[in-house]
Amino acid sequence: MYNFTDEEKAILSRFIDAKGVIKIWPSKRVKQEIILKYLAGFFEKEKTYSEHDVNLLISGLHDFNDLFILRRGLVDDKWLMREKDGSFYWLNPLRY
């Protein structure tokens, strides 16, 4: 899990329920980045994940039914790295 500033915690509390599930995807980019940082905290360092494993992990952490936007965001923001063919993913060591 990553450390969050008080401001980031306040933002997270507006988008994440008491069970830790993301309720809605924020419209503002800066808030999306905080949600992606939160999601990245559920991945283990130095572990490789199949696309299926990434999907399973992310699926349990949101209830707004848009897995693609979360997985893509993690890759685009370089929280996760992946093979060119998308077959394997891993936490970016430069981000932890």
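Take 16 as the starting number for the sequence shown in our numbering and just add one per residue. By construction, the Cβ of each residue, glycine as well, lies at the ideal position given by its N, Cα and C atoms.
Short check: CB of residue i to CB of residue j, under 8 Å?
i           : j           : result
residue 70  : residue 86  : yes
residue 66  : residue 104 : yes
residue 106 : residue 58  : yes
residue 76  : residue 36  : yes
residue 51  : residue 89  : yes
residue 33  : residue 94  : no
residue 39  : residue 83  : no
residue 60  : residue 17  : no
So for residue i, helix, strand or coil by DSSP?
i           : result
residue 104 : strand
residue 76  : coil
residue 39  : coil
residue 17  : coil
residue 53  : helix
Given that a residue counts as buried once 16 or more other Cβ atoms are within 10 Å of its Cβ, and exposed if not, what is residue i?
i          : result
residue 99 : exposed
If you follow the beta strand (DSSP E) that residue i is part of, which residue opens it and which one closes it?
i          : result
residue 97 : 95-97
State the start and end residues of the unbroken alpha helix (DSSP H) segment that holds residue i.
i          : result
residue 32 : Note, residue 32: premise wrong, no alpha helix (DSSP H); not H, not E.
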